[in-house]
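So that you can map any letter, position 61 of the sequence shown is 61 in the working numbering, and since no number is skipped, the others follow by simple counting. Glycine included, every Cβ here is placed at the ideal spot set by N, Cα and C. Below is one structure, written out as C-alpha cells; comments come after it.
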Amino acid sequence: MTKRYSLSLTWRVLLLVFLPLWLLSGAVISLQVHYLGEQQTAKLKDDLKLVARAIRAPIGEAINQGDMDTVRHTLNAVFSLGQIYGAAVYDRDGQRIAAAGIARRDNENEDNPLALHLVRTGRDRDAYQRQAGREVFSHFVPVTDTGGQITGLVEVTRKASDFSKSLNHLAYWSWSAWVALGLITLGIVLWGYRQAMGREVARLTQVMAAVGSGQKGLRAPQAGAPELRDIASAFNQMLDDMGKAEQAIAAHRQQEITLHSRLERQERMAALGRLVSGIAHELGAPLNVIDGRARRLARFDDDPQTQKELGAIRGQVARLTRIVRQLLDFGRSGIQYQQLRLKTLVDDVLDSVRFEQGGRMPQLQLDIPDAALITADSARLELALINLLRNSCQAGASRLSLAFSETAECWCLTLADDGPGLPPGVTAEQLLEPFFTTKPKGQGTGLGLAIVQNILADHGGDLTLLPQAQGLQFRLRFPKDHP
1 MTKRYSLSLT WRVLLLVFLP LWLLSGAVIS LQVHYLGEQQ TAKLKDDLKL VARAIRAPIG
61 EAINQGDMDT VRHTLNAVFS LGQIYGAAVY DRDGQRIAAA GIARRDNENE DNPLALHLVR
121 TGRDRDAYQR QAGREVFSHF VPVTDTGGQI TGLVEVTRKA SDFSKSLNHL AYWSWSAWVA
181 LGLITLGIVL WGYRQAMGRE VARLTQVMAA VGSGQKGLRA PQAGAPELRD IASAFNQMLD
241 DMGKAEQAIA AHRQQEITLH SRLERQERMA ALGRLVSGIA HELGAPLNVI DGRARRLARF
301 DDDPQTQKEL GAIRGQVARL TRIVRQLLDF GRSGIQYQQL RLKTLVDDVL DSVRFEQGGR
361 MPQLQLDIPD AALITADSAR LELALINLLR NSCQAGASRL SLAFSETAEC WCLTLADDGP
421 GLPPGVTAEQ LLEPFFTTKP KGQGTGLGLA IVQNILADHG GDLTLLPQAQ GLQFRLRFPK
481 DHP
C-alpha cells in the first residue's frame with residue numbers, strides 16, 4: 001500500500017494563500033511595467049518630435065535662403081543636447097544635404113527612399129532604421145517655404161537602445177521591488193500564522209500525543225481562534241465520552257465477573273446440596289434404627305450403668321440426627337413466599353433456641369415492632385434465624401441485640417453479639433464457606449452460616465458479616481421486590 005504524501009498546514013497556507021497573492025502581484029507589476037514602458041517610449045518619442053519641430057522653422061528659413069552653414073550649425077546645436085544621437089536634412093528629392101552625429105557616418109549624399117517618400121506625402125513619420133550599422137529611431141518632419149511648398153525634410157535620431165534601456169531599468173527596479181515585497185510578505189505570513197495558529201496547533205498536538213501515551217486525564221486548553229477552541233472542545237468532549245464508555249465497559253465487565261462468580265457459586269452449592277442430601281438420606285434410616293434399638297434396650301435393662309451408656313448412645317444419635325437435618329436443610333431449594341408477622345416468627349425462634357440451650361440464653365435486646373410485616377418463606381427464615389442465634393450463643397456472648405429496619409427497597413434484620421468476634425487470620429468470607437468452622441472438633445459442622453447464606457440467596461438477598469470493636473454483627477437483607 002503506497003503512502004500518501006500530505007502537505008503540512010504551513011505549506012498549505014503558503015501554497016494556497018501566499019503564492020497566489022504573490023503571483024497576482026507579479027501579474028499586476030508586469031502590466032504596470034508594460035504600461036509604464038509604453039508611456040516612457042511615448043515620452044521619448046514625443047521629446048524627439050518636439051526637437052524636430054523646434055528646428056524645422058530655422059532650418060527651413062536657412063534652406064530657403066541657401067544658408068547651409070546655418071543649417072549645419074543648427075544640426076550641431078541639436079546634437080549637442082545629449083539626447084540626440086544624430087540629425088540630418090534632406091532636400092525635396094530625398095537627398096541628404098546636411099548631417100550631424102551618427103548621420104554623418106553614412107554617405108552624406110546618399111538618397112534615402114523613406115525620406116523621398118515622406119517628402120512626397122508631406123507628413124510626419126516615425127521609423128526604426130539602421131545608420132552606420134546601428135539600429136536607430138528617427139522622426140521626420142517636412143520643411144516648407146513661405147508658400148507652403150515642401151522644400152525638404154528634417155530627420156532627428158535617437159539610439160533604439162535608449163528606449164529598451166529605459167524600459168529595462170524600469171523593469172529591473174519593478175521586479176526587484178516585487179521580490180523584496182514577496183519576501184517581506186512571506187515573513188509576515190509565517191509570523192502571523194505562528195501567532196494566530198502555529199502555537200495553538202502545536203499545543204493541541206502535544207496534548208494529543210500525551211493522551212495517546214496514556215495520560216488520559218489531560219485536556220486540551222480552549223484558547224486561540226474560535227475554530228481552534230471548537231476543535232479543542234470537540235477533542236475534550238471525545239475524551240470525556242471515551243472515559244464514560246470505558247467506565248461503562250469496566251462496570252459491565254465487573255458485573256459479568258460478579259454474575260459469573262455468583263453462578264459458579266450457585267452451581268457449586270447446588271452440586272454440594274445434592275451430595276449432602278443424598279448422604280443425609282442414607283444416614284437417616286440407620287440413625288433411626290440405632291435410636292430405636294437403644295430405646296428398646298433401655299426398657300429391658302434397669303442397670304444404672306447400662307442406662308447411662310444407652311443414654312450416651314442416644315445423645316450421640318440425636319446429635320447425628322440434628323446434623324442430618326442440617327444437611328437436608330442445606331440441600332433444600334425452592335421458596336414459598338407468604339406474608340409474616342416478624343415479631344411472632346422471632347418469638348418462636350427464641351423459644352426453640354432457649355430449649356436447645358437449656359435455658360442458658362444471653363441477655364437479649366429486641367427492637368422489632370409488633371406490626372412489622374415481611375414477605376418470605378416462613379420455615380426457611382426461621383431456620384436461618386435459629387442458626388444465627390445458635391452461633392451467637394455458642395460464641396460465648398453475654399449480650400445480644402436483634403433489630404429490624406426497612407427501606408423502600410428491602411427489609412433488614414441486624415443481629416449483634418459481644419463475643420470474641422473473628423479469630424485472627426479468619427475472614428468473613430471464610431466463615432460463609434460450607435464446612436468451615438472455628439469451633440473445637442466435634443462441636444460444629446460448619447454448615448450454620450452457609451445455610452443462612454443459602455437461604456438469603458434464595459430470597460434474592462444477602463448476608464453480611466461486620467466485625468466490631470467487640471463481637472460480630474450479622475446483617476440480613478431481604479428485597480421487597482421478590483419474584
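Exercise for the section: With DSSP as the reference, please indicate the residues paired to D91 in a beta bridge. Expected result: Numbered from 1 along the sequence shown, position 91 holds the residue referred to as residue 91. Answer is G152.
Handout entry: Backbone CA spacing between K244 and L373 [nearest angstrom]
Key = For the purposes of this step, residue 244 is taken as residue 244 along the sequence shown, with counting starting at 1. For the purposes of this step, residue 373 is taken as residue 373 along the sequence shown, with counting starting at 1. Those two C-alpha atoms are separated by around 42 Å.
Practice task
Apply the 10 Å Cβ neighbour rule to F300 and answer buried if 16 or more other Cβ atoms are within range, or exposed otherwise.
Solution key: Within the sequence shown, the letter at position 300 stands for residue 300. F300 is exposed by the Cβ-count criterion.
Exercise for the section: Reducing DSSP to helix, strand and coil, say where G182 ends up. Expected result: Reading the sequence shown from its first residue, position 182 is the one you call residue 182. The answer is helix: DSSP assigns G182 an H, G or I state.
Handout entry: Sufficient close CB pairs (3 or more, under 8 Å) joining the segment 139-155 to the segment 16-26
Key = For the pair of segments examined, the segment 139-155 was found not to touch the segment 16-26: the number of CB pairs separated by less than 8 Å stays below three.
Practice task
Tell me, please, whether the segment 375-386 touches the segment 344-357 by the rule of three or more beta-carbon pairs shorter than 8 Å.
Solution key: In short, these stretches touch, since the Cβ pair count reaches three.
Handout entry: Spatial distance of V252 from S405 (CA atoms)
Key = Position 252 of the sequence shown, counted from the start, is the residue given in the question as residue 252. Position 405 of the sequence shown, counted from the start, is the residue given in the question as residue 405. At residue 252 the sequence reads His, which differs from the Val that was named. If you take the alpha carbons of H252 and S405, they lie about 31 Å apart.
Handout entry: Residue interval of the alpha helix (DSSP H) (run including V51)
Key = In the sequence shown, residue 51 corresponds to position 51, counting from 1. Element bounds for V51: 19-65.
Problem - Cross-strand partners of D417 (DSSP beta bridge) - result: For the purposes of this step, residue 417 is identified with residue 417 of the sequence shown, where counting begins at 1. Partner(s): L400.
Exercise for the section: Please state whether DSSP places Q365 in a helix, a strand or coil. Expected result: On the sequence shown, position 365 is the one that residue 365 refers to. The answer is strand: DSSP assigns Q365 an E or B state.
Problem - Local Cβ density within 10 Å of V179, reported as buried at 16 or more and exposed below that - result: Translated into positions along the sequence shown, residue 179 becomes position 179. That one is exposed.
Exercise for the section: Could you say if the segment 181-188 and the segment 214-221 meet the contact criterion of at least three C-beta pairs nearer than 8 Å? Expected result: no
Practice task
Give the DSSP-derived three-state secondary structure of R134 in the structure shown.
Solution key: As a first step, residue 134 is located in the sequence shown; it is residue number 134 there, counting from the start. Strand, per DSSP.
Exercise for the section: Can you give me the start and stop residues for the beta strand (DSSP E) that R96 sits inside? Expected result: Indexing the sequence shown from 1 puts residue 96 at position 96. For R96, the uninterrupted beta strand (DSSP E) segment begins and ends at 96-101.
Practice task
Figure out for me which residue from F474, P362, A294 has the closest Cα to the Cα of A416.
Solution key: Against the sequence shown, residue 416 aligns to sequence position 416. With distances taken between Cα atoms, A416 lies closest to F474.
Exercise for the section: Compare the beta carbon distance of Y193 and T41 with 8 Å and say whether it is the shorter of the two. Expected result: What you label residue 193 is simply residue 193 of the sequence shown in a count that begins at 1. What you label residue 41 is simply residue 41 of the sequence shown in a count that begins at 1. Not a contact, by the Cβ cut-off of 8 Å.
Problem - Beta-ladder partner(s) of Q473, from DSSP - result: Along the sequence shown, one-based indexing puts residue 473 at 473. Paired residues: A416, L466.
Exercise for the section: Would you list the one or two residues that DSSP bridges to Q339? Expected result: Taking the sequence shown and counting its residues from 1, one reaches residue 339 at position 339. The partner list for Q339 (beta bridge, DSSP) reads T375.
Handout entry: Alpha carbon of N236 to alpha carbon of L204, nearest angstrom
Key = In the sequence shown, the residue the question calls residue 236 occupies position 236. In the sequence shown, the residue the question calls residue 204 occupies position 204. Approximately 11 Å, taken between the alpha carbons.
Practice task
Let me know if L75 comes out buried or exposed under the rule of 16 or more other beta-carbons within 10 Å of its beta-carbon.
Solution key: The count along the sequence shown starts at 1 and reaches residue 75 at position 75. Result: buried.
Problem - Beta-carbon proximity check, A298 vs L310, cutoff 8 Å - result: Here the question's residue 298 lines up with position 298 in the sequence shown. Here the question's residue 310 lines up with position 310 in the sequence shown. Their beta carbons are under 8 Å apart, which means A298 touches L310 by this criterion.
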